[in-house]
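Numbered per mature numbering (1 follows the signal peptide of the UniProt record, and there is no 0), the sequence shown spans residues -28 to -1, 1 to 312.
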Amino acid sequence: MLLNRFSRRTALSAAALLMGAVALTGCAGENATADSGDQTLSIDFATYNPLSLVLKEKGWLDAAAKEQGVDVEWIQSAGSNKANEALRAGAIDVGSTAGSAALLNRSNGAPIKTVALYSQPEWAALVVDKDSKIESVEDLAGKTVAATKGTDPYFFLLQALDTAGLSEDDIKLQNLQHADGRTALVNGSVDAWSGLDPIMAAAEEDGAQLVYRNLDFNTYGALNAREDFIEQSPELAQLVVDAYEKARGWAAENPGETAEILADVAGLEPEVAKTVIEERSNLDVPAVPDAKFTGVLSNIGPTLVASGDVSKQESVDEALATLVDDQFALKADATKISGE
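1) Is it a yes or a no for the stretch 248 to 259 touching the stretch 44 to 56, going by three-plus beta-carbon pairs under 8 Å?
2) Quick check on residue 314: buried or exposed, where buried means 16 or more other Cβ atoms within 10 Å of its Cβ?
3) Hey, quick one: how far does the beta strand (DSSP E) through aspartate 256 stretch, first residue to last?
4) In the DSSP assignment, find the beta strand (DSSP E) that holds glutamine 131 and state where it starts and stops.
5) In this structure, how does DSSP classify lysine 303 when only helix, strand and coil are distinguished?
6) Report back the beta-carbon spacing between threonine 86 and alanine 194 to the nearest angstrom; my notes put them in contact at under 8 Å.
7) Take tyrosine 20 and list the residues in its own chain whose beta-carbon comes closer than 7 Å to its own, dropping the five residues that flank it on each side.
8) Taking histidine 150 as the reference, which of Glu229, Gly137, Gly122 and Asp141 has the closest Cα?
9) Where does asparagine 196 sit, in a helix, a strand or coil, going by DSSP?
10) Can you give me the C-alpha to C-alpha distance between aspartate 43 and glutamine 11, rounded to a whole angstrom?
11) Is it the case that the Cβ atoms of alanine 35 and glycine 273 are separated by a distance below 8 Å?
12) Does the pairing of the stretch 71 to 86 with the stretch 191 to 211 give three or more beta-carbon distances under 8 Å?
13) Counting C-beta neighbours from all protein chains within 10 Å, is the total for aspartate 7 16 or more, i.e. buried, or is it exposed?
14) Nearest CA to the CA of alanine 223: which residue from Ala119, Glu29, Ala156 and Leu138?
15) How is serine 287 classed by DSSP in three states: helix, strand or coil?
16) Is it the case that the Cβ atoms of lysine 144 and lysine 115 are separated by a distance below 8 Å?
17) Using the C-alpha atoms, what's the distance from leucine 33 back to aspartate 305?
18) Only counting the same chain, and skipping five residues up and downstream in sequence, which positions put a Cβ closer than 6 Å to that of valine 100?
19) Give a yes or no on whether the C-beta atoms belonging to threonine 275 and leucine 129 are separated by under 8 Å.
20) At the level of alpha carbons, what is the spacing between glutamate 57 and aspartate 297?
21) Have a look at phenylalanine 127 and glycine 179 and give me their C-alpha separation to the nearest angstrom.
22) In three-state terms, what does DSSP make of alanine 50?
23) Who are the near neighbours of asparagine 147 in its chain, counting only those whose CB is closer than 6 Å to its CB and skipping five residues on each side?
24) Where does tyrosine 90 sit, in a helix, a strand or coil, going by DSSP?
25) What does DSSP give as the partner residue(s) for phenylalanine 17 in the beta ladder?
26) Which of the three DSSP states, helix, strand or coil, is assigned to leucine 138?
27) In this structure, what does DSSP give as the bridge partners for residue 333?
28) Can you give me the Cβ contacts of valine 248 inside the same chain, cut-off strictly under 6 Å, excluding the 5 residues immediately before and after it?
29) If I measure Cβ to Cβ from glutamine 92 and keep anything under 7 Å in the same chain, skipping five residues before and after, which residues do I get?
30) Nearest-angstrom Cα distance between glutamate 250 and glutamate 241?
31) Can you tell me whether DSSP reads asparagine 226 as helix, strand or coil?
32) Checking 8 Å against the spacing of the C-beta atoms, do valine 117 and alanine 136 come in under that value?
33) Which word fits glutamate 217, buried or exposed, when buried means at least 16 other C-beta atoms lie within 10 angstroms of its C-beta?
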């Protein structure tokens, strides 16, 4: 029954997902009560979040939740922007995004909190085709560039442009979902793409070049929960964070198997997945969203305002001051989740 529900759910378009927001939000309130007869924990999984893939594959969270009479519903996120949409719509209780996207969502009024970190990746870079004559950020002036607005690659692009004295006004931005950005680069519809792993690593295998990289412009992977879910179901929020802590430890000890799981879900060649996991994904990071996390986000704040994605800096400042809820990460305990 759970598999059938999942299949139907993942077949929905983003529009249908949002149209169902009211009904789903109502269900979320029921999820919080311990005496509810039919509880469901809705959580996302994403190829840009390898720990979510490990958890889904291993079934640890499903088993632990079942002991509390809760079913787990896994919904795939194609990007931080889609995870944010689902969180706002009440379609998921917990979603994974880049830190920058979490800050953007809260800055624009979404009642979400970052409850844990799942990675410290270098997952974004500027990508050009193998035959491109573009060799630097400066060369992007007047060019068409694909990026997914509201995600780390988009904010990476804006920061990269700034290093060259350029802005979004100096390029022709094509707002495309990550996979579509790669396709546009291949068919020549765009001159460059601000890419995201693992799609970016696969593009490299086909000859694409990373023309600009900067680890400092990549924000952390953030695990976010809706405030009403935290208030109504703190025990489930803790269960999720505990499960992520188990997945973190397992992935750190088993990078090869983690890469295999990623390759299988994302349809990647094993070597591509290995590059993503072993070279560009630091999964062995503390779960607690600490001052390093908020420091990185404070740097991206002015970019959110300059791009027009947030109306004023005061909104960013308030969001940054209230984004983190570390109560669950501080108590994270992998030993509470059984399974090998």
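A virtual CB, placed ideally from N, CA and C, is assigned to each residue, including glycine. Please read all numbers here as calculations on a predicted model, not as lab measurements.
Looking at the atomic coordinates:
1) no
2) Residue 314 is absent from the structure shown; the chain starts at -28 and stops at 312.
3) Neither: aspartate 256 is in no beta strand (DSSP E) and is coded neither H nor E.
4) Unbroken run through glutamine 131 is the alpha helix (DSSP H), 124 to 135; no beta strand (DSSP E).
5) coil
6) 5 Å
7) Trp95, Leu168 and Asp169
8) Gly122
9) strand
10) 6 Å
11) no
12) yes
13) Because the pLDDT of aspartate 7 is 40, which lies under 50, any placement of that residue in the model is unreliable, and the question is left without a value.
14) Glu29
15) helix
16) yes
17) 13 Å
18) Ile106, Ala164, Gln181 and Val183
19) no
20) 20 Å
21) 24 Å
22) coil
23) Lys121
24) strand
25) Gln48
26) coil
27) In the structure as shown, the chain begins at -28 and stops at 312. Residue 333 is therefore absent and cannot be evaluated.
28) Asp169, Pro170 and Ala173
29) Tyr192, Asn254 and Val257
30) 14 Å
31) coil
32) no
33) buried
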